[in-house]
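Numbers 611 to 1030, taken from our numbering, label the letters of the sequence shown in order.
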Amino acid sequence: MAFSLTETSGLFLTKFQARSLNHYNSKALLDGRIKKQYDFVGKQKNIETELSFSGGVGAKILPLANTSVVEQCVITATKNYARCIVDRESLKAASSNEGAFQKFMAYPVKKTVESFIRNSGRMMFGDGSGILGRGDGSTNVTGAGTTGSPYIVTLRASDWNVSNFEEQDYVQVVTGLNAGDNLGGSAEGGDAQTNLLLVQEVVPASRQIKLVGSSPVLNALVSGPAAFATTSGLCMQSSYLAEPQGLSGVCMATSGSLYNIPVKRRWQSQQIDALGQGIVTDALNDAILKQEKATGEAPKMIVMNYNQMRKILAQLEDQKVYNLPNKNLKGAMSFSGVEIMTSRGAIGMFVDRFCPEDKIFLLNDDHIVRHHRPDFGWFDDDGTVFLRTKDEDTYEARYGGYYQNLIDPTFQTVIHNLSK
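So this is what it looks like as structure tokens:
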């Protein structure tokens, strides 16, 4: 039976599109919990946001009337992709048997969607800058950028998260970052692929990343010799200042604007500075009450890194495990967590490996929405999912689309500057 790209693409969509969507909506905790919409059209989306009551109340005589403060929350879409390469000979070998073809395709399909979800999960806890980690400013860069002698870059401890890095990712050097945030820098090589660096190995114990590729910046530091500065960092390939807004960016904002609305009392998260101390259950109770006082609604979930969860579990006398249903695909998947009792009942506490180790987020996911443009998923605009790659005996498939996370800051709380 001759191989037909169009027929195979149809089979691909029939067999795997629903499976991929299910995976996307239920694989990760926050991805499974947050609301998703797929009607984002036009250059931007303006969302009416009420920031006050209407006023006009009083006693004794008729009060003066007043209007509520209503502003336009503006979101723009970001481009988010995953690509996989499929060997043409393998497709040919499996094309005469439907079962074999499905079996062959299941692996690259699964891994591509998994990688996309992993990156979405990482971005959900980020600040939109795409910075994965910054230099430690004291350990000299070594190596030549080759497979046998990779560049070895040491990152600082304050924002180190080993889950931000995976072998086989392509990253990029960013220099000139501001001291207080991840803005103001420039990515080496811009959008060109000549200065991308392959992550050969991640060494958690020493916070070192081994990189293979071309980088004039790192080469100069090796020649110095000099350290990777704290005002320099690594971002995912071509992603600097191009990622969706995340929890760290929203919940830590104290000035400027969020979604085109100035940060102010009714458009700002509750921010609790732990002053370098360890987490205690009293601090969680305090944060829950502050959020309830500010919004009238208690948080629906508490998310933290594994180390903070370990500390809390050591303090809890009663560890009740329960299932948190997935809102997008009811009954498709559940997550287990530990409950903490509050004035509004039990709130689930969960771990997420992408959550910064020095932060705990108290979230009301009723006020977190991911706005997608239509046709999110596998790209098939030209009638086929598989596209022939130039000068190679392979086909590629592309997954993803365009979206933005809209996180209402007022309904979220962060405990930050916790001891690790």
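Glycine included, each C-beta is placed from N, C-alpha and C at the ideal position. These numbers come from a predicted model, not from an experiment.
- Comparing C-alpha distances from Tyr691 to each of Ile882, Asp896, Glu853, Ile922 shows the shortest one belongs to Glu853.
- Contact between Ala830 and Asn750 is absent: CB atoms are separated by about 12 Å, not below the 8 Å threshold.
- According to the DSSP assignment, Tyr1012 belongs to no alpha helix (DSSP H) but to the beta strand (DSSP E) extending over 1004-1017.
- Per the Cβ contact rule, the region 629-644 is not in contact with the region 671-681 (fewer than 3 Cβ pairs under 8 Å).
- Assignment of beta-bridge partners to Ser796 by DSSP yields Thr785.
- In this chain, the alpha helix (DSSP H) harbouring Asp896 covers 891-905.
- Rounded to whole angstroms, His1026 and Thr999 show a C-alpha spacing of 46 Å.
- By the Cβ neighbour-count rule, Pro814 is exposed, with fewer than 16 other Cβ atoms within 10 Å of its own.
- Of Thr1020, Asp746, Ala956, Lys969, the smallest CA-CA separation from Ala839 is found for Asp746.
- Between Ala904 and Gln880 the beta-carbon gap is near 6 Å, inside 8 Å, which marks them as a contact.
- Assigned with DSSP and collapsed to three states, Phe838 falls in coil, not helix or strand.
- Where Cys965 is concerned, there is no enclosing alpha helix (DSSP H), because DSSP gives it neither an H nor an E.
- In terms of CA proximity to Asp1018, Asn870 leads the group Val723, Asn870, Val781.
- Looking at the DSSP output, Glu658 bridges to Gln682.
- Distances from the alpha-carbon of Ile922 to those of Asp896, Met959, Asp801 put Met959 closest.
- Your pair Ser842 and Arg980 does not check out as a contact, with CB atoms roughly 31 Å apart and the cut at 8 Å.
- In terms of Cα proximity to Gly1011, the closest of Ser730, Leu828, Gly665, Gly666 is Ser730.
- Here Asn635 carries a helix assignment [DSSP, helix/strand/coil].
- For Ile644, there is no enclosing beta strand (DSSP E), as DSSP marks it with neither H nor E.
- For secondary structure counted as the alpha helix (DSSP H) over 4 or more consecutive residues, the region 826-878 holds these complete runs in sequence order: 826-833, 857-861.
- Pairing Met914 with Cys965 gives a Cβ-Cβ distance under 8 Å.
- Ranked by how close their Cα comes to the Cα of Met951, the residues Val961, Glu699, Leu926, Val763 have Leu926 in first place.
- Between the region 764-775 and the region 802-821 there are three or more C-beta pairs closer than 8 Å, enough to call the two in contact.
- In terms of Cα proximity to Gly738, the closest of Asn895, Leu868, Gly665 is Leu868.
- Your pair Ile741 and Tyr634 does not check out as a contact, with CB atoms roughly 25 Å apart and the cut at 8 Å.
- Distance from Val1024 to Cys861 at the Cβ level is roughly 4 Å; contact confirmed, criterion being Cβ atoms closer than 8 Å.
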